[in-house]
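Residue numbers (our numbering): 510 to 959.
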């Protein structure tokens, strides 16, 4: 049997040219160790393990988020339930106090004797939590027509359309109060009156509570769906110790059409920005750069994964030597470090984007989002230059020449008197004499010519 197997082996070896003319000897099978795995296969295994670990972490995070969402919904419902109850109870207590001041309640025996036995009671609304009954009496005959009109206008019962006419106090439960009232009606042998219970909360109040709870659940659901309330833009978050290796920033938001046609994300330093992530919808591209000591450096452009009006989830993570950016779970770009990430002082976002939530992971200090200060410069005021008034120039006045008329000296008793009026009269007389002489000469000259 062994020889037959050996002959077959020699036949196969000769066919393939491996053991030609080999002597007829015995063969010994030696087990050789398998070659070691290729380094590439090891890398593939590590990558698959890393991806499975990331997927497992994502599922755990999603499960935790669902649990937190359920707790938030339950807590919101509980808070809304208690708050609406407290509000409605506070409202009822205020109404109760106002009615006590306006219509003081009477004792049960007095009410039974004055109103029940006389058949004046139409409706009794008993409030067990206050142990008080509000009584509505039959309307007088002269107001029958008015009541019909009011009943047509007000479809609600009397307890909602008008205040009670009488109020009484009865320290009993709702069941005992109804029993006592029915016994009083039977004993008085009058028409049967209605007896109603106004428990807390009533049907109307329950509808209000349910509507408020539904609104609260809807609000919490919207907050969980969109990730939170809209943050103020521009938004700046201080980062005290920079970004260590593995630090991650996640942003949930929605871009919209605005005057800037995009939005910008920056990692700021004391000398500029170590990462400038600029989304430009006009050019359908993303431009990444850094700004240091007043100078821009080499740009890097990538495809645009954002759509106006569509919700996005952006993840920015610090890796050894580069930043990795993912949008909606897809790798978009990586940006090599152009500075030390530990020197980052703040995270900044601005532009035409509505930010719903920003999460900071693996930071060495608590991070608080604060709106960026917007410096509003006052409008420039044009100030007119001061008007320089030249100093006044003083010119000496011309000399005053006083012309005096000749004075007439009158000697009166050896005294000299200067008479100004006489001088004036003398001047006028002299002028008259001169004028007469001239006129006479002119007339004589005329007669001679004729």
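Each residue gets a CB set at the ideal place from its N, CA and C atoms; glycine is no exception.
Within a 10 Å sphere around the beta-carbon of residue 589 sit 16 or more other beta-carbons, which makes this residue buried.
DSSP, read as helix, strand or coil, puts residue 861 in coil. Relative to residue 847, the option among 787, 691, 780, 592 whose CA is nearest is 780. Where residue 757 is concerned, there is no enclosing alpha helix (DSSP H), although the beta strand (DSSP E) around it starts and stops at 757 to 764. For residue 853, the three-state secondary structure derived from DSSP is coil.
Counting along the chain, residue 703 sits inside the beta strand (DSSP E) bounded by residues 703 to 706. Annotated as distal: residue 767 and residue 863, with beta-carbon spacing of 8 Å or more.
Take residue 778, set aside five residues on each side of it, and the residues of its chain with a beta-carbon closer than 7 Å to its own are 848, 852, 853, 854, in chain order. Following the DSSP letters along the chain, one finds residue 833 inside the beta strand (DSSP E) bounded by residues 831 to 836. Following the DSSP letters along the chain, one finds residue 620 inside the alpha helix (DSSP H) bounded by residues 617 to 620. Here residue 709 has 638 as same chain residues with Cβ atoms under 6 Å from its own Cβ, once five neighbours each way along the sequence are excluded. Secondary structure note for residue 786: its beta strand (DSSP E) is the uninterrupted segment 781 to 789. Going by DSSP, residue 627 is part of no beta strand (DSSP E) at all; its letter is neither H nor E. If you draw a 10 Å sphere on the C-beta of residue 785, you find 16 or more other C-beta atoms in it, and that means buried. Look at the beta carbons and you see the stretch 716 to 727 not touching the stretch 668 to 682: under three pairs across the two are nearer than 8 Å. For the pair of segments examined, the stretch 804 to 814 was found to touch the stretch 787 to 794: the number of CB pairs separated by less than 8 Å reaches three. Nearest in C-alpha terms to residue 866, of all of 799, 764, 760, is 760. Per the coordinates, the alpha-carbon of residue 674 lies some 47 Å from the alpha-carbon of residue 581. Less than 8 Å separates the beta-carbon of residue 630 from that of residue 702. In this structure residue 837 is not in contact with residue 757, their Cβ atoms being roughly 16 Å apart against a cut-off of 8 Å. The Cβ atoms of residue 635 and residue 686 sit closer than 8 Å to each other. Around the Cβ of residue 748, a 10 Å sphere holds 16 or more other Cβ atoms; the residue is buried. Spanning the alpha carbons of residue 822 and residue 600 requires a straight line of approximately 46 Å.
Taking C-beta atoms as the reference points, residue 644 and residue 676 count as a pair closer than 8 Å. Contact between residue 678 and residue 626 does not hold, since the beta-carbon distance rounds to 18 Å and is not under 8 Å. In this chain, the beta strand (DSSP E) harbouring residue 824 covers 821 to 828. DSSP, reduced to helix, strand and coil, places residue 808 outside both helices and strands of the structure shown, so it counts as coil. Looking at the DSSP output, residue 776 sits in a beta bridge with 784, 856. Taken through DSSP and simplified to helix, strand or coil, residue 594 comes out as helix. Per DSSP, residue 842 is not a residue of any alpha helix (DSSP H); the beta strand (DSSP E) it occupies stretches across 839 to 845. Linking residue 563 to residue 712 through their CA atoms gives a straight-line distance of about 52 Å. When secondary structure is reduced to three states using DSSP, residue 868 falls in the strand class.
Going by C-alpha positions, residue 772 is about 16 Å away from residue 799. Comparing alpha carbon positions, the residue from 782, 819, 722, 831 closest to residue 593 is 722. Burial of residue 621 is indicated by the presence of at least 16 other C-beta atoms within 10 angstroms of its C-beta.
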